[in-house]
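Data block below; observations after.
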Amino acid sequence: MKQNQEIDYQHPSKQDQIRFFAFTFVLVIGITLGYFLGIPRYYLGWFSFAIASFSVAGNDAVQTIGTFIESKKSVHWSQKILVFGGLLFVVHLFAWFIHGGEIHFHRLDSIPETKEFNLLQLLAPVLLVVITRLRAPVSTTFLVLGLFGGKSIDQMLTKSFFGYGLAFLVAIFVWAILVKVDPHEYHEVHTPDPVSERRWSRLQWFSTMYLWVAWLFQDTANIAVFLPRQLGLFEFLMAVFILIFALLIIIRTNGGTIQQVVSEKSDIQWAKAATIVDLVYGSLLFFFQAISNIPMSTTWAFLGLLAGREIILNVITYKDLPYLDTFRKVGKDVVLATIGIVVSILIFFLSYFLYPEQRQSAPLEFWNSTNQEDSL
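Its first residue numbered 152, the sequence shown is counted upward by one per residue in this note's numbering.
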């Protein structure tokens, strides 16, 4: 047990990296062979669903339970999986019962069910695993849902960048007020009072549960797109079991390599800081869901929140720290997220060129204009 606790999952060794990429290569070969050998769509979908359960949740874990993992490293993993795994089961059971066997919370209503998967769709979850391993927070909406046909990609990009900007401004406003109320609390050398920390620690469980539910409503569709839209009881139980097992792996590895995006941020290891981040971000997710059904990258909204918070805290309180160091942290997140979104868009358009039939299921202005030019 002691040996497991000493493993640094955020900085894997060279041998760990070799094992990881070797396993990933085997997955790619297996999926490709299964596709060309004509394995039925149903089984291929379940296999990719299992991979997506880990890759989508793993990449998005940094924005859902990332702050909880960072500030609750002393809490045994079994308590975490009992709470968040149990909540995952209850939320999806409610959706399955209310929506007639569906667990995507109507997020797939505008996306027709795929009759036959193409190879890029099946390999997208594996690519996401690799991107996550490289610590790049990527839009799972673009990389996964985009390949199945959906809203216009320019609208998705616009909403995602708007989400980053709004979250950035909200963070500056919220934490500027908090710093003014109690400036001493946000100094780098400040250590919270143990009694206050225990009180906030209890509140953090509820704030993370609140955020976890918001994320499930938003992004479960990115995983469930590989499954039949209506699930029988056995299929539902199997899907939830796979999701909980993927969550278990994420919790046991303390978020994996991508957790560093949260770990390096100021004072996020304290319960009060993590609680407020979860509450603000969870509220933003519910707001974005309310204003529009257009899919968006929730990752960009989360990075905007962290960026605004980090900058305002350093500007107001950490005046002895180099500003370039702060902008380096924030800029690195943006660069990694940009790389991720560029890769997602490239895969998106590659799929449309290789599989023209998808243009009918997800019409874009780009394709409409192209068709008009061809007719001329």
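Every residue, glycine too, gets a C-beta built ideally from N, C-alpha and C.
- Look at the Cβ atom of T449, then the Cβ atom of Q355, and state whether they are nearer than 8 angstroms. Your numbering for residue 449 matches position 298 in the sequence shown. Your numbering for residue 355 matches position 204 in the sequence shown. No.
- Limits of the unbroken alpha helix (DSSP H) element including F268: As a position in the sequence shown, residue 268 is number 117, starting the count at 1. No alpha helix (DSSP H) contains F268, which DSSP labels as neither H nor E.
- Query: Which two residues bound the contiguous alpha helix (DSSP H) that contains F357?
  - Reply: If you number the sequence shown from 1, residue 357 lands on position 206. Per DSSP, F357 belongs to the alpha helix (DSSP H) from P345 to D370.
- Query: According to the neighbour-count rule (16 or more other Cβ atoms, all chains shown, within 10 Å of its Cβ), is Q214 buried or exposed?
  - Reply: For the purposes of this step, residue 214 is identified with residue 63 of the sequence shown, where counting begins at 1. Buried, because 16 or more other Cβ atoms sit within 10 Å of the Cβ of Q214.
- Item | Exposed unless 16 or more other CB atoms sit within 10 angstroms - verdict on Q166 | Translated into the one-based positions of the sequence shown, residue 166 becomes position 15. Flag for Q166 reads exposed.
- Task: Could you check which residue in F313, G236, V325 and R258 has the C-alpha nearest to that of F299?
- Result: For the purposes of this step, residue 299 is taken as residue 148 along the sequence shown, with counting starting at 1. Nearest option by C-alpha distance: R258.
- Does the stretch 164–184 touch the stretch 275–282, meaning 3 or more C-beta pairs lie closer than 8 angstroms? Using a C-beta cut-off of 8 angstroms, the stretch 275–282 makes contact with the stretch 164–184, since at least three inter-stretch Cβ pairs fall below that distance.
- Three-state secondary structure (DSSP) of E253: Walking along the sequence shown from the start, residue 253 turns up at place 102. Coil, per DSSP.
- Under a three-way DSSP split, which group does I180 fall into? By 1-based counting over the sequence shown, the position of residue 180 is 29. Three-state result, I180: helix.
- In whole angstroms, what is the alpha-carbon distance linking L195 and F377? As a first step, residue 195 is located in the sequence shown; it is residue number 44 there, counting from the start. As a first step, residue 377 is located in the sequence shown; it is residue number 226 there, counting from the start. L195 and F377: Cα-Cα distance of roughly 9 angstroms.
- How would you call D211, buried or exposed, if buried means at least 16 neighbouring beta carbons within 10 angstroms? Locating residue 211 in the sequence shown gives position 60, counting from the first residue. So D211 ends up on the buried side.
- Item | Cβ contact (3+ pairs, closer than 8 angstroms) linking the stretch 214–234 and the stretch 346–361 | yes
- Message: Let me make sure I understand the geometry here. Which of L497, G189 and S204 has the alpha-carbon closest to that of P373?
- Response: Taking the sequence shown and counting its residues from 1, the one referred to as residue 373 is at position 222. Per the sequence presented here, residue 373 reads as Asn, with Pro not at that position. Checked all of L497, G189 and S204; the closest Cα to N373 is S204.
- Would you check if the distance between the CB atom of T468 and the CB atom of V242 is smaller than 8 angstroms? As a working note, residue 468 is residue 317 in the sequence shown. As a working note, residue 242 is residue 91 in the sequence shown. Going by C-beta atoms, T468 is not nearer than 8 angstroms to V242.
- Item | At least 3 beta-carbon pairs within less than 8 angstroms: the stretch 496–506 vs the stretch 264–271 | yes
- Euclidean distance between Cα positions of S434 and I496: Locating residue 434 in the sequence shown gives position 283, counting from the first residue. Locating residue 496 in the sequence shown gives position 345, counting from the first residue. Going by the C-alpha atoms only, they are around 28 angstroms apart.
- Item | Cα-Cα separation between L238 and A208, rounded to whole angstroms | Sequence index remark: in the sequence shown, residue 238 carries index 87 (1-based). Sequence index remark: in the sequence shown, residue 208 carries index 57 (1-based). Cα to Cα, the separation comes out at about 15 angstroms.
- Per-residue DSSP class, three states only, for R170: Taking the first residue of the sequence shown as 1, we reach residue 170 at position 19. Helix, per DSSP.
- Cβ neighbours of A365 in the same chain (closer than 6 angstroms, five flanking residues each side left out): By 1-based counting over the sequence shown, the position of residue 365 is 214. G433, L436 and F437, listed in sequence order.
- Message: Considering Cα atoms alone, identify which of E336, E461 and A246 is closest to L382.
- Response: Against the sequence shown, residue 382 aligns to sequence position 231. The residue with the shortest Cα to Cα distance from L382 is A246.
- Message: By the three-class DSSP mapping on this structure, what secondary structure does I445 have?
- Response: For the purposes of this step, residue 445 is identified with residue 294 of the sequence shown, where counting begins at 1. Three-state DSSP puts I445 in coil, outside helix and strand.
- So, is I498 buried or exposed, given that buried needs 16 or more other C-beta atoms within 10 angstroms? Taking the sequence shown and counting its residues from 1, one reaches residue 498 at position 347. Classification of I498: buried, given that the 10 Å Cβ count is 16 or more.
- Going by beta carbon distance, what residues of the same chain come within less than 6 angstroms of A318, once the five residues before and after it are set aside? Here residue 318 is taken as the residue at index 167 of the sequence shown, counted from 1. Result list for A318: L435, A452, G455 and L456, in chain order.
- Distance, Q306 Cα to R349 Cα: Taking the first residue of the sequence shown as position 1, residue 349 is located at position 198. Taking the first residue of the sequence shown as position 1, residue 306 is located at position 155. When rounded, the distance between both Cα atoms is 43 angstroms.
- Item | Distance between D333 and S443 (C-alpha atoms, nearest Å) | Within the sequence shown, numbered from 1, the residue matching residue 443 stands at position 292. Within the sequence shown, numbered from 1, the residue matching residue 333 stands at position 182. Rounded to the nearest angstrom, the two C-alpha atoms are 36 angstroms apart.
- Query: Is L398 closer than 8 angstroms to F235 when the C-beta atoms are compared?
  - Reply: Here the question's residue 235 lines up with position 84 in the sequence shown. Here the question's residue 398 lines up with position 247 in the sequence shown. Taking 8 angstroms as the cut-off, the beta carbon of F235 is found closer than this to the beta carbon of L398.
- Should L101 go down as buried or exposed, given a rule of 16 or more other Cβ atoms within 10 Å for buried? Residue 101 lies beyond the range of the chain shown here (152 to 527); nothing can be said about it.
- Message: Tell me which residue opens and which closes the alpha helix (DSSP H) that F392 is part of.
- Response: One-based indexing of the sequence shown puts residue 392 at position 241. Looking at the DSSP string, the run of the alpha helix (DSSP H) that includes F392 is L384 to R403.
- Item | Residue range of the unbroken alpha helix (DSSP H) whose run includes L259 | The count along the sequence shown starts at 1 and reaches residue 259 at position 108. From DSSP, L259 is part of no alpha helix (DSSP H); its letter is neither H nor E.
- Can you tell me whether DSSP reads D211 as helix, strand or coil? Sequence index remark: in the sequence shown, residue 211 carries index 60 (1-based). It is helical.
- Item | S417 in three-state terms, based on DSSP | The residue you call residue 417 lines up with position 266 of the sequence shown. With a pLDDT of only 49 at S417, under the threshold of 50, the placement of this residue in the model should not be trusted, and no figure is reported.
- Query: Contact check, I182 vs L274 under 8 angstroms by CB: the rounded distance?
  - Reply: Within the sequence shown, residue 182 is the residue found at index 31, counting from 1. Within the sequence shown, residue 274 is the residue found at index 123, counting from 1. Contact holds; Cβ gap of about 6 angstroms.
- Message: Can you find the residues in the same chain that come closer than 7 angstroms, C-beta to C-beta, to K153, ignoring five residues on each side of it along the sequence?
- Response: Taking the first residue of the sequence shown as 1, we reach residue 153 at position 2. In this prediction, K153 has a pLDDT of 42, which is less than 50 and means its spatial position is unreliable; what the coordinates show is noted afterwards. Same-chain partners within the cutoff: there are none.
- Item | F200 burial status per 10 Å Cβ neighbour count (16 or more: buried) | Start at 1 with the first residue of the sequence shown, and residue 200 comes out as number 49. Taking every protein chain shown into account, the CB of F200 has 16 or more other CB atoms within 10 angstroms, so this residue is buried.
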